[in-house]
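Asker: Here it is: the structure, laid out below.
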Amino acid sequence: GLSDQAVNAFRVMRTDGLKPSNLALNSLINAFGEDQRDAEAFAVLQYMKENGLKPDVVTYTTLMKALIRVDKFHKVFSSYLFFNIYKMLSYSGEK
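Shown next as structure tokens:
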């Protein structure tokens, strides 16, 4: 499926010594979500955190969509995903 193609592209990037960007990893998360492989999508989030990449709003909303695709919508609100999205969207930078 789509996720297998995305994983292959990710492997080629790593083999060539390229550091994947948020865009590339968000695309990988989306591919896993499309193929209803939510555990792998969350593994990409963990990879991002372990490698110094900062997940963004796109990352979290894409993970939410992955959960919805596998009928785990309840986990969206019971998990840190909702909190992180809320925090990102409500932060204005003002004191």
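Each residue of the sequence shown is one higher than the one before, counting from 252 in my numbering.
Beta carbons: idealized from backbone N, C-alpha and C, even for Gly.
Small disclaimer: the values here were computed from a predicted structure and weren't measured.
(1) Suppose you measure from the CA of L279 to the CA of K305; what does that come to, to the nearest Å?
(2) Quick check on A290: buried or exposed, where buried means 16 or more other Cβ atoms within 10 Å of its Cβ?
(3) Helix, strand or coil, according to DSSP, for S278 in the structure here?
(4) Can you tell me whether F283 is buried or exposed? The criterion is at least 16 other CB atoms within 10 Å of its CB, across all chains shown.
(5) Is the CB of G252 under 8 Å away from at least one CB in chain C?
(6) From the DSSP output, in three-state form, read off D307 for me.
Answerer: Judging by the given coordinates:
(1) 15 Å
(2) exposed
(3) helix
(4) buried
(5) Given the protein chain composition of this structure (a single chain), no chain C is represented.
(6) coil
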